[in-house]
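This report concerns only the one structure given below.
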Amino acid sequence: MIDLFGFLRFIINLILYPFAVAFLTFYRCLQWLGLQPIAYNYQDQIVLITGSANGLGREIALTFARAGASLALWDIDDIGNRETQQQCLAILHSHNYTSRVRIYHVDVTRATEVYAYAERVRYDLGQISILIANAGYVSGRSLLTESDADIERTFDVNSLSPIWLIKAFLPYMLDANRGHVVLISSVLGIHACHGPVTYVSSKHASLGLSRSLRLDIHATHPNSRVFIHCICPYLMRTKMFNPMLTQISLKFIVPIISPHYVAKQVLDAIEWRRNEVILPYHLKYIGFINDYLLPAWFSEWFLFQVSGKRPLDAFNKDNEEDTRERRRKQVNTGQAENIDLI
Numbered sequence: 001m002i003d004l005f006g007f008l009r010f011i012i013n014l015i016l017y018p019f020a021v022a023f024l025t026f027y028r029c030l031q032w033l034g035l036q037p038i039a040y041n042y043q044d045q046i047v048l049i050t051g052s053a054n055g056l057g058r059e060i061a062l063t064f065a066r067a068g069a070s071l072a073l074w075d076i077d078d079i080g081n082r083e084t085q086q087q088c089l090a091i092l093h094s095h096n097y098t099s100r101v102r103i104y105h106v107d108v109t110r111a112t113e114v115y116a117y118a119e120r121v122r123y124d125l126g127q128i129s130i131l132i133a134n135a136g137y138v139s140g141r142s143l144l145t146e147s148d149a150d151i152e153r154t155f156d157v158n159s160l161s162p163i164w165l166i167k168a169f170l171p172y173m174l175d176a177n178r179g180h181v182v183l184i185s186s187v188l189g190i191h192a193c194h195g196p197v198t199y200v201s202s203k204h205a206s207l208g209l210s211r212s213l214r215l216d217i218h219a220t221h222p223n224s225r226v227f228i229h230c231i232c233p234y235l236m237r238t239k240m241f242n243p244m245l246t247q248i249s250l251k252f253i254v255p256i257i258s259p260h261y262v263a264k265q266v267l268d269a270i271e272w273r274r275n276e277v278i279l280p281y282h283l284k285y286i287g288f289i290n291d292y293l294l295p296a297w298f299s300e301w302f303l304f305q306v307s308g309k310r311p312l313d314a315f316n317k318d319n320e321e322d323t324r325e326r327r328r329k330q331v332n333t334g335q336a337e338n339i340d341l342i
């Protein structure tokens with residue numbers, strides 16, 4: 001019997017192989033010409049990371065700790081953030097680094113709080129040189145069953161909080177003519193999918209922010225050494241998206257990636273000054289082929305296979321019809337309070 005998945009894997013690899021060979025050849029030519037990543041002494045760097053209490057944020061903090069950087073860790077989860085701090089300090093001590101790690105309870109959706117704690121970090125550690133806007137939120141609900149409060153929170157965390165962070169720290173980077181701003185977006189910020197509509201919309205906003213900001217800096221500060229990076233990972237094995245992993249098929253083509261891998265690519269993007277990074281890398285070519293070379297019916301089938309026909313089913317705690325009915329009753333009885341759907 002023919003191995004259908006094996007045959008599909010062969011066809012996909014056959015299509016992608018020329019792209020991979022061309023990229024590797026170009027990369028080796030650049031190395032032969034002497035192009036190398038920028039050498040950073042991270043012991044001289046102060047890195048601020050939002051959403052550092054768990055998941056990708058924690059992995060990014062641990063990766064910078066291994067490099068010897070001083071860290072300012074922002075999160076509203078004090079227990080998780082303290083665990084991250086202890087793990088980072090253990091790494092620093094094991095390498096005999098003298099770098100410091102401070103934790104702060106900051107709600108990044110509140111602009112005034114962001115500005116106040118930005119001054120606090122400058123007083124405690126000094127002016128940061130690398131800003132990682134990592135905090136993210138997904139409600140796990142479809143647009144029509146999502147509460148208004150969850151919709152607002154999705155955009156507050158994913159779209160607006162990077163703006164408050166940039167306003168708080170970018171002017172100092174521009175004055176010093178050095179620094180990196182890293183926005184953690186998503187593949188869904190480039191290629192839309194069904195299901196988490198507001199999450200997809202908010203990640204499109206963060207990607208647009210990075211592109212527009214990069215152009216704005218180039219226009220207003222020519223030859224600036226302040227760089228904007230946008231990291232767009234596929235699904236990761238984190239608490240935020242673990243419920244969705246059971247809904248995904250074709251993992252042999254688009255594999256689930258680890259936060260540790262993404263964290264290493266953040267440092268790689270800084271050292272190589274990469275503007276936009278799609279992870280895993282071959283997803284960039286798959287996206288191009290799916291968008292421009294395949295017929296629409298096949299593209300839609302492939303999208304449903306990769307993201308699942310009902311990707312939010314694993315998040316649902318109760319029946320959607322019951323949720324809508326409860327909401328209608330609340331409105332009819334004058335109790336227009338938001339329903340917590342998490």
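Read in order, the letters of the sequence shown are residues 1 to 342 in UniProt numbering.
Every residue, glycine too, gets a C-beta built ideally from N, C-alpha and C.
Would you list the one or two residues that DSSP bridges to residue i?
i	result
V101	L71
E276	C230
M236	I257
I128	Its beta-bridge partners do not exist; DSSP assigns none.
Y91	Sequence inspection shows Ile at residue 91; the Tyr mentioned does not correspond to that position. Paired residues: none, contrary to the question.
I46	S70
Taking residue i and residue j to be in contact with their CB atoms under 8 Å, please state how far apart those CB atoms are, rounded to whole angstroms.
i	j	result
S129	Q265	That pair is no contact at about 19 Å.
S210	L170	Rounded, the Cβ-Cβ distance is 12 Å, inconsistent with contact.
I190	L207	6 Å
Y234	L283	6 Å
A135	T50	4 Å
P279	A67	Correcting the residue identity first, residue 279 is Leu in this sequence and not Pro. The pair is not a contact, with the Cβ atoms about 19 Å apart (cut-off 8 Å).
L48	I132	7 Å
S159	A118	Not confirmed; about 19 Å, so no contact.
D78	H105	6 Å
Helix, strand or coil for residue i per DSSP?
i	result
E271	helix
T84	helix
T198	helix
V138	coil
L209	helix
T145	coil
L293	coil
G51	coil
L170	helix
L183	strand
A133	strand
I2	Because the pLDDT of I2 is 49, which lies under 50, any placement of that residue in the model is unreliable, and the question is left without a value.
I190	coil
D318	Note that D318 has pLDDT 41, beneath the 50 cutoff, so the model's placement of it is unreliable and the number below is only indicative. Looking at D318 - three-state DSSP - the assignment turns out to be coil, as it is neither helix nor strand.
I60	helix
R120	helix
R178	coil
V108	coil
I76	coil
H221	coil
N158	helix
Y115	helix
H204	helix
Which value, in whole angstroms, describes the spacing of the CA atoms of residue i and residue j?
i	j	result
E59	I91	12 Å
T98	G126	15 Å
C193	F304	8 Å
S201	G140	14 Å
N81	W74	8 Å
P255	C232	14 Å
C88	A65	6 Å
D156	N96	39 Å
D124	A72	9 Å
Y199	V138	6 Å
Y281	S299	19 Å
residue 410	I103	Examination of residue 410 is not possible in this model, given that the chain is present from 1 through 342 alone.
E152	H93	41 Å
C230	N275	6 Å
V197	S142	7 Å
Q43	L62	14 Å
P295	G195	22 Å
T112	F302	44 Å
R120	V114	10 Å
V108	Q86	22 Å
I163	G57	18 Å
I76	R273	30 Å
T84	V101	10 Å
V277	A269	7 Å
I173	V181	For the sequence presented, residue 173 should be read as Met rather than Ile. Taking the straight line from one Cα to the other gives about 9 Å.
P259	V187	14 Å
Say the cut is 7 Å; is the CB of residue i nearer than that to a heavy atom of the ligand ATP?
i	result
P171	The ligand ATP is absent from the structure shown, which contains no ligand whatsoever.
Contact between the stretch 176-185 and the stretch 220-234 is defined here as three or more beta-carbon pairs at a separation below 8 Å; is this criterion met? yes
Would the stretch 209-220 and the stretch 257-274 be scored as touching if the rule is three or more Cβ pairs under 8 Å? no
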